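Asks: Please read through the structure below; I'll follow up with questions.
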């Protein structure tokens with residue numbers, strides 16, 4: 001069994017498709033710029049807009065999944081990562097309809 005990773009899922013409410021694309025562009029920039037001690041540290045990053053108008057989405061239109069090797073990396077991401085700070089500023093400027101919903105959990109892949 002592999003070492004458990006820290007998985008984070010973040011959901012955003014951005015009704016405007018143009019704003020959704022700008023947020024996805026900001027995630028692409030985050031993927032390119034993220035670094036800790038001069039090296040990339042995110043193990044996985046994926047973001048996308050909702051593919052349909054499912055009522056279960058409760059208005060959330062953009063989702064992102066991030067994986068970290070440790071809680072230390074999560075803290076760095078939240079408190080010190082310049083690229084993540086840039087993403088947060090962009091998201092706020094786009095006019096989010098409420099705070100993002102973020103949840104983290106530890107786990108190993110059950111299917112890969």
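In the UniProt record's numbering, the protein residues as written are 1 to 112. Beta carbons: idealized from backbone N, C-alpha and C, even for Gly. Values in this document were obtained by computation on a predicted structure and should not be read as measured data.
#1: Could you pull the start and end residues of the alpha helix (DSSP H) that residue 24 belongs to?
#2: Just confirm the distance between the C-beta atoms of residue 99 and residue 73, as a whole number of angstroms; I'd bet it's less than 8 Å.
#3: For residue 101, which residues in the same chain have their Cβ closer than 6 Å to its Cβ, ignoring the five residues on either side in sequence?
#4: Just curious, the beta strand (DSSP E) that residue 5 is in, first and last residue?
#5: Where does residue 49 fall in DSSP's three states?
#6: Could you spell out where the alpha helix (DSSP H) holding residue 92 opens and where it closes?
#7: How many Å lie between residue 16 and residue 77 at the Cα?
#8: What does a CB cutoff of less than 7 Å around residue 31 pick up in its chain, not counting 5 residues either side in sequence?
#9: Hey, out of 54, 5, 14 and 23, whose CA is closest to residue 116's CA?
Replies: Concretely, from the data shown:
#1: Along the chain shown, one-based indexing puts residue 24 at 24. Per DSSP, residue 24 belongs to the alpha helix (DSSP H) from 17–33.
#2: Here residue 99 corresponds to residue number 99 of the chain shown, with the count starting at 1. Here residue 73 corresponds to residue number 73 of the chain shown, with the count starting at 1. About 23 Å separates the two Cβ atoms, so there is no contact after all.
#3: Taking the first residue of the chain shown as 1, we reach residue 101 at position 101. Exclusion of the five residues before and after residue 101 leaves 11 as the residues of its chain whose Cβ lies within less than 6 Å of its Cβ.
#4: Position 5 of the chain shown holds residue 5. From DSSP, the beta strand (DSSP E) with residue 5 extends over 5–12.
#5: If you number the chain shown from 1, residue 49 lands on position 49. It is a strand residue.
#6: Here the question's residue 92 lines up with position 92 in the chain shown. Residue 92 -> alpha helix (DSSP H) spans 82–93.
#7: Counting from 1 along the chain shown, the entry for residue 16 is found at position 16. Counting from 1 along the chain shown, the entry for residue 77 is found at position 77. If I take the Cα positions, the gap works out to 27 Å.
#8: For the purposes of this step, residue 31 is taken as residue 31 along the chain shown, with counting starting at 1. Result list for residue 31: 45, in chain order.
#9: Limits of the chain in this structure are 1 at one end and 112 at the other, which puts residue 116 out of reach.
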